[in-house]
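*Asks:*
In our numbering, the protein residues as written are 574 to 831.
In C-alpha coordinates, the structure reads:
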(Lines of atoms letter the chains of each structure in order from A and count residues from 1; the text may use other names and numbers.)
(Lines give C-alpha, C1' and ligand atoms only; values in the text may rest on other atoms or scores of the structure.)
Protein backbone atom coordinates (compact mmCIF):
# COMPACT_ATOMS: atom_id res chain seq x y z
CA UNK A 1 0.00 0.00 0.00
CA UNK A 2 1.28 3.46 -0.87
CA UNK A 3 -0.21 6.91 -0.45
CA UNK A 4 -0.20 9.18 -3.48
CA UNK A 5 -0.69 12.92 -3.73
CA UNK A 6 -2.40 13.55 -7.08
CA UNK A 7 -2.90 16.98 -8.63
CA UNK A 8 -5.97 17.43 -10.82
CA UNK A 9 -7.18 20.02 -13.30
CA UNK A 10 -10.86 20.10 -14.15
CA UNK A 11 -13.57 22.03 -15.93
CA UNK A 12 -16.35 22.36 -13.37
CA UNK A 13 -19.08 23.24 -15.89
CA UNK A 14 -20.77 19.85 -15.92
CA UNK A 15 -20.06 18.85 -12.33
CA UNK A 16 -22.22 19.32 -9.24
CA UNK A 17 -19.06 20.25 -7.34
CA UNK A 18 -16.10 18.16 -6.19
CA UNK A 19 -17.58 16.12 -3.36
CA UNK A 20 -19.60 12.95 -3.95
CA UNK A 21 -23.30 13.29 -3.28
CA UNK A 22 -26.06 10.80 -2.74
CA UNK A 23 -28.65 10.55 -5.46
CA UNK A 24 -28.96 9.20 -8.97
CA UNK A 25 -27.34 11.06 -11.83
CA UNK A 26 -25.43 13.60 -9.72
CA UNK A 27 -22.05 13.97 -11.43
CA UNK A 28 -19.18 15.07 -9.19
CA UNK A 29 -15.42 15.23 -9.64
CA UNK A 30 -14.79 12.87 -6.73
CA UNK A 31 -17.35 10.43 -8.11
CA UNK A 32 -15.85 10.18 -11.59
CA UNK A 33 -12.33 10.10 -10.11
CA UNK A 34 -13.11 7.09 -7.94
CA UNK A 35 -14.91 5.33 -10.80
CA UNK A 36 -11.86 5.90 -13.00
CA UNK A 37 -9.50 4.61 -10.30
CA UNK A 38 -11.62 1.47 -10.02
CA UNK A 39 -11.25 0.81 -13.75
CA UNK A 40 -7.52 1.54 -13.62
CA UNK A 41 -6.54 -0.43 -10.51
CA UNK A 42 -9.44 -2.77 -9.78
CA UNK A 43 -9.56 -1.30 -6.27
CA UNK A 44 -12.29 0.58 -4.43
CA UNK A 45 -10.29 3.70 -3.58
CA UNK A 46 -11.47 6.54 -1.38
CA UNK A 47 -10.09 9.93 -2.44
CA UNK A 48 -9.77 12.97 -0.18
CA UNK A 49 -9.64 16.42 -1.78
CA UNK A 50 -8.01 19.58 -0.49
CA UNK A 51 -11.15 21.61 -1.12
CA UNK A 52 -14.82 21.06 -1.93
CA UNK A 53 -15.32 23.28 -4.96
CA UNK A 54 -18.95 24.13 -5.70
CA UNK A 55 -20.98 23.34 -8.79
CA UNK A 56 -19.55 25.12 -11.84
CA UNK A 57 -16.24 26.05 -10.15
CA UNK A 58 -13.04 25.03 -11.95
CA UNK A 59 -9.67 23.84 -10.68
CA UNK A 60 -6.24 24.48 -12.12
CA UNK A 61 -4.58 22.59 -9.28
CA UNK A 62 -6.81 20.55 -6.99
CA UNK A 63 -4.93 18.12 -4.73
CA UNK A 64 -6.23 14.74 -3.60
CA UNK A 65 -4.66 11.90 -1.70
CA UNK A 66 -5.39 8.21 -2.13
CA UNK A 67 -4.09 4.84 -0.98
CA UNK A 68 -3.44 2.14 -3.55
CA UNK A 69 -1.67 -1.19 -4.00
CA UNK A 70 -1.42 -0.62 -7.75
CA UNK A 71 2.03 -1.42 -9.20
CA UNK A 72 1.72 1.29 -11.88
CA UNK A 73 5.01 3.26 -11.82
CA UNK A 74 4.67 6.70 -10.29
CA UNK A 75 5.88 8.53 -13.39
CA UNK A 76 3.21 6.78 -15.50
CA UNK A 77 0.36 7.09 -13.03
CA UNK A 78 -0.96 10.55 -14.14
CA UNK A 79 -1.15 9.53 -17.80
CA UNK A 80 -2.70 6.17 -16.93
CA UNK A 81 -5.33 7.79 -14.73
CA UNK A 82 -6.04 10.53 -17.28
CA UNK A 83 -6.70 7.80 -19.84
CA UNK A 84 -9.57 6.55 -17.67
CA UNK A 85 -10.94 9.97 -16.67
CA UNK A 86 -13.51 11.88 -18.75
CA UNK A 87 -12.06 14.70 -20.89
CA UNK A 88 -13.06 17.43 -18.42
CA UNK A 89 -10.71 16.06 -15.73
CA UNK A 90 -6.95 15.53 -16.06
CA UNK A 91 -4.37 14.17 -13.62
CA UNK A 92 -1.42 16.55 -13.87
CA UNK A 93 0.98 14.97 -11.39
CA UNK A 94 1.40 12.19 -8.84
CA UNK A 95 3.84 12.07 -5.94
CA UNK A 96 4.58 9.44 -3.30
CA UNK A 97 3.90 10.87 0.17
CA UNK A 98 4.10 9.71 3.76
CA UNK A 99 1.09 7.86 5.16
CA UNK A 100 0.46 10.84 7.46
CA UNK A 101 -0.13 13.21 4.52
CA UNK A 102 -3.71 14.48 4.28
CA UNK A 103 -4.73 16.61 1.29
CA UNK A 104 -7.19 18.68 3.31
CA UNK A 105 -5.82 18.83 6.85
CA UNK A 106 -2.16 19.31 5.90
CA UNK A 107 -2.93 22.24 3.57
CA UNK A 108 -1.73 25.57 4.98
CA UNK A 109 -3.27 27.88 2.36
CA UNK A 110 -5.19 28.03 -0.89
CA UNK A 111 -5.20 30.47 -3.77
CA UNK A 112 -8.30 31.23 -5.81
CA UNK A 113 -8.60 33.36 -8.94
CA UNK A 114 -11.76 34.93 -10.33
CA UNK A 115 -11.95 35.97 -13.97
CA UNK A 116 -14.18 38.86 -15.07
CA UNK A 117 -14.86 39.93 -18.65
CA UNK A 118 -15.48 43.65 -18.20
CA UNK A 119 -17.38 44.41 -21.39
CA UNK A 120 -20.86 44.84 -22.79
CA UNK A 121 -20.00 42.30 -25.48
CA UNK A 122 -21.29 38.77 -25.02
CA UNK A 123 -18.93 35.79 -25.02
CA UNK A 124 -19.57 32.45 -26.67
CA UNK A 125 -16.37 30.46 -26.11
CA UNK A 126 -15.67 31.86 -22.63
CA UNK A 127 -19.21 31.98 -21.25
CA UNK A 128 -18.57 29.04 -18.86
CA UNK A 129 -15.16 30.30 -17.73
CA UNK A 130 -15.68 33.94 -16.73
CA UNK A 131 -18.27 36.39 -15.47
CA UNK A 132 -19.32 39.10 -17.91
CA UNK A 133 -19.67 42.40 -16.06
CA UNK A 134 -20.58 45.32 -18.36
CA UNK A 135 -20.27 48.25 -15.91
CA UNK A 136 -17.09 50.36 -15.95
CA UNK A 137 -14.69 49.48 -13.13
CA UNK A 138 -12.13 51.57 -11.24
CA UNK A 139 -9.23 49.18 -10.62
CA UNK A 140 -7.44 51.44 -8.13
CA UNK A 141 -10.50 51.70 -5.92
CA UNK A 142 -11.07 47.95 -6.17
CA UNK A 143 -7.50 47.32 -4.99
CA UNK A 144 -8.13 49.62 -2.02
CA UNK A 145 -11.21 47.58 -1.19
CA UNK A 146 -9.15 44.37 -1.43
CA UNK A 147 -6.56 45.87 0.93
CA UNK A 148 -9.29 46.39 3.55
CA UNK A 149 -10.00 42.66 3.47
CA UNK A 150 -6.36 41.59 3.62
CA UNK A 151 -5.16 40.36 7.02
CA UNK A 152 -6.82 38.42 9.81
CA UNK A 153 -10.49 39.27 10.35
CA UNK A 154 -13.83 37.78 11.24
CA UNK A 155 -15.36 37.20 7.79
CA UNK A 156 -18.88 36.40 8.95
CA UNK A 157 -20.20 39.15 6.63
CA UNK A 158 -18.59 37.36 3.69
CA UNK A 159 -19.89 33.87 4.35
CA UNK A 160 -23.04 32.14 3.17
CA UNK A 161 -25.42 30.18 5.35
CA UNK A 162 -24.98 26.42 5.22
CA UNK A 163 -21.58 25.99 6.84
CA UNK A 164 -20.99 24.38 10.24
CA UNK A 165 -17.55 25.89 10.93
CA UNK A 166 -16.76 26.78 14.55
CA UNK A 167 -14.99 30.05 13.71
CA UNK A 168 -15.43 32.59 10.92
CA UNK A 169 -12.00 34.15 11.52
CA UNK A 170 -9.69 33.73 8.54
CA UNK A 171 -6.37 35.21 7.42
CA UNK A 172 -5.95 36.58 3.90
CA UNK A 173 -2.29 36.77 2.93
CA UNK A 174 -2.71 38.59 -0.37
CA UNK A 175 -5.59 40.01 -2.39
CA UNK A 176 -4.82 41.43 -5.83
CA UNK A 177 -6.81 43.00 -8.65
CA UNK A 178 -5.19 43.21 -12.09
CA UNK A 179 -6.46 43.81 -15.59
CA UNK A 180 -5.42 43.54 -19.21
CA UNK A 181 -7.76 45.07 -21.71
CA UNK A 182 -11.30 43.94 -20.90
CA UNK A 183 -10.11 41.10 -18.67
CA UNK A 184 -9.93 41.47 -14.89
CA UNK A 185 -8.37 38.83 -12.65
CA UNK A 186 -8.93 38.91 -8.90
CA UNK A 187 -6.60 36.62 -6.93
CA UNK A 188 -6.76 35.87 -3.22
CA UNK A 189 -4.52 33.66 -1.09
CA UNK A 190 -5.62 32.73 2.41
CA UNK A 191 -5.13 30.16 5.13
CA UNK A 192 -8.70 29.05 4.57
CA UNK A 193 -12.03 30.19 3.19
CA UNK A 194 -15.63 30.14 4.35
CA UNK A 195 -18.54 28.89 2.25
CA UNK A 196 -18.83 31.12 -0.85
CA UNK A 197 -16.44 33.63 0.77
CA UNK A 198 -14.45 34.35 -2.39
CA UNK A 199 -17.56 34.87 -4.53
CA UNK A 200 -19.06 37.23 -1.95
CA UNK A 201 -15.84 39.25 -1.67
CA UNK A 202 -15.54 39.50 -5.46
CA UNK A 203 -19.15 40.68 -5.71
CA UNK A 204 -18.38 43.33 -3.12
CA UNK A 205 -15.24 44.48 -4.96
CA UNK A 206 -17.21 44.78 -8.20
CA UNK A 207 -19.67 47.03 -6.37
CA UNK A 208 -16.67 49.07 -5.19
CA UNK A 209 -15.30 49.25 -8.73
CA UNK A 210 -18.54 50.59 -10.17
CA UNK A 211 -18.96 53.14 -7.37
CA UNK A 212 -21.84 51.54 -5.50
CA UNK A 213 -19.67 50.97 -2.40
CA UNK A 214 -16.55 52.71 -1.09
CA UNK A 215 -13.53 51.00 0.53
CA UNK A 216 -14.59 52.59 3.84
CA UNK A 217 -18.01 50.97 3.50
CA UNK A 218 -16.31 47.61 2.88
CA UNK A 219 -14.53 48.08 6.21
CA UNK A 220 -17.82 48.88 7.92
CA UNK A 221 -19.44 45.76 6.43
CA UNK A 222 -16.50 43.62 7.56
CA UNK A 223 -16.58 44.99 11.11
CA UNK A 224 -20.38 44.76 11.44
CA UNK A 225 -20.23 41.05 10.67
CA UNK A 226 -23.75 40.76 9.27
CA UNK A 227 -24.49 38.53 6.31
CA UNK A 228 -26.14 40.12 3.30
CA UNK A 229 -24.68 43.61 3.72
CA UNK A 230 -21.99 43.33 1.04
CA UNK A 231 -22.18 42.80 -2.68
CA UNK A 232 -23.91 39.90 -4.43
CA UNK A 233 -22.51 36.40 -4.72
CA UNK A 234 -20.98 36.30 -8.19
CA UNK A 235 -21.62 33.24 -10.42
CA UNK A 236 -19.39 30.16 -10.02
CA UNK A 237 -18.08 29.90 -13.57
CA UNK A 238 -15.48 32.65 -13.10
CA UNK A 239 -13.89 30.96 -10.07
CA UNK A 240 -10.77 28.78 -10.19
CA UNK A 241 -8.96 26.90 -7.44
CA UNK A 242 -5.48 27.92 -8.55
CA UNK A 243 -3.19 26.30 -5.99
CA UNK A 244 -3.07 24.46 -2.68
CA UNK A 245 -0.05 25.07 -0.43
CA UNK A 246 1.56 22.61 1.97
CA UNK A 247 4.38 23.05 4.53
CA UNK A 248 7.56 24.11 2.76
CA UNK A 249 5.64 25.67 -0.15
CA UNK A 250 4.92 29.06 1.45
CA UNK A 251 4.84 32.07 -0.84
CA UNK A 252 6.68 35.30 -0.16
CA UNK A 253 3.40 36.95 0.86
CA UNK A 254 2.75 34.24 3.43
CA UNK A 255 6.23 34.42 4.96
CA UNK A 256 6.16 38.21 5.27
CA UNK A 257 2.69 38.45 6.78
CA UNK A 258 2.97 39.61 10.42
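The beta carbon of each residue, even a glycine, is placed where N, CA and C say it ideally should be.
Which value, in whole angstroms, describes the spacing of the CA atoms of residue 831 and residue 820?
*Replies:* The sequence position of residue 831 within the chain shown is 258, counting from 1. The sequence position of residue 820 within the chain shown is 247, counting from 1. Any reading at residue 831 must be qualified, since the residue scores a pLDDT of 42, below 50, and its modelled position is unreliable; the value itself is stated next. Cα to Cα, the separation comes out at about 18 Å.
*Asks:* Looking at the secondary structure, which residues open and close the alpha helix (DSSP H) in which residue 653 lies?
*Replies:* Translated into positions along the chain shown, residue 653 becomes position 80. Unbroken alpha helix (DSSP H) run through residue 653: 650-657.
*Asks:* Report the option in 641, 712, 682 whose CA atom is closest to the CA atom of residue 746.
*Replies:* The sequence position of residue 746 within the chain shown is 173, counting from 1. Closest by alpha carbon: 682.
*Asks:* Whose C-alpha, out of 650, 610, 712, is nearest the C-alpha of residue 756?
*Replies:* Against the chain shown, residue 756 aligns to sequence position 183. Selected option, being the one with the closest Cα: 712.
*Asks:* According to the neighbour-count rule (16 or more other Cβ atoms, all chains shown, within 10 Å of its Cβ), is residue 597 buried or exposed?
*Replies:* If you number the chain shown from 1, residue 597 lands on position 24. Counting the other CB atoms within 10 Å of its CB gives residue 597 a total below 16, which places it among the exposed residues.
*Asks:* Looking at residue 775 and residue 807, is the spacing between their C-beta atoms short of 8 Å?
*Replies:* Here residue 807 refers to the residue found at position 234 when the chain shown is read from its first residue. Here residue 775 refers to the residue found at position 202 when the chain shown is read from its first residue. Contact flag set, yes.
*Asks:* Which residue spans inside the stretch 767-828 form an unbroken alpha helix (DSSP H) run of at least 4?
*Replies:* 770-782, 788-797
*Asks:* According to the neighbour-count rule (16 or more other Cβ atoms, all chains shown, within 10 Å of its Cβ), is residue 785 buried or exposed?
*Replies:* If you number the chain shown from 1, residue 785 lands on position 212. Label assigned to residue 785: exposed.
*Asks:* Taking the C-alpha atoms as reference points, what is the distance between residue 649 and residue 615?
*Replies:* As a position in the chain shown, residue 649 is number 76, starting the count at 1. As a position in the chain shown, residue 615 is number 42, starting the count at 1. Distance between the alpha carbons of residue 649 and residue 615 is about 17 Å.
*Asks:* Suppose contacts are defined by Cβ-Cβ distances below 8 Å. Is residue 722 in contact with residue 791 by that definition?
*Replies:* Working through the chain shown from its first residue, we reach residue 722 at position 149. Working through the chain shown from its first residue, we reach residue 791 at position 218. Closer than 8 Å, so yes.
*Asks:* Hey, quick one: how far does the alpha helix (DSSP H) through residue 582 stretch, first residue to last?
*Replies:* Working through the chain shown from its first residue, we reach residue 582 at position 9. Where residue 582 is concerned, there is no enclosing alpha helix (DSSP H), although the beta strand (DSSP E) it sits in stretches over 575-583.
*Asks:* Hey, could you find the ends of the alpha helix (DSSP H) residue 708 is sitting in?
*Replies:* One-based indexing of the chain shown puts residue 708 at position 135. That residue, residue 708, is in no alpha helix (DSSP H); it is neither H nor E in DSSP.
*Asks:* For residue 684 versus residue 816, is the C-beta distance shorter than 8 Å?
*Replies:* Working through the chain shown from its first residue, we reach residue 684 at position 111. Working through the chain shown from its first residue, we reach residue 816 at position 243. It is a contact, given that the beta carbons lie within the stated cut-off.
*Asks:* Quick check on the burial criterion: 16 or more other C-beta atoms within 10 angstroms. Buried or exposed for residue 707?
*Replies:* Working through the chain shown from its first residue, we reach residue 707 at position 134. Counting Cβ neighbours within 10 Å, residue 707 comes out exposed, since fewer than 16 surround it.
*Asks:* Have a look at residue 599 and residue 592 and give me their C-alpha separation to the nearest angstrom.
*Replies:* As a working note, residue 599 is residue 26 in the chain shown. As a working note, residue 592 is residue 19 in the chain shown. Their backbone Cα atoms lie some 10 Å apart in a straight line.
*Asks:* Based on DSSP bridge pairs, tell me the residues matched to residue 702.
*Replies:* For this step, residue 702 is matched to residue 129 along the chain shown. Looking at the DSSP assignment, residue 702 forms no beta bridge with any residue, so it has no partner.
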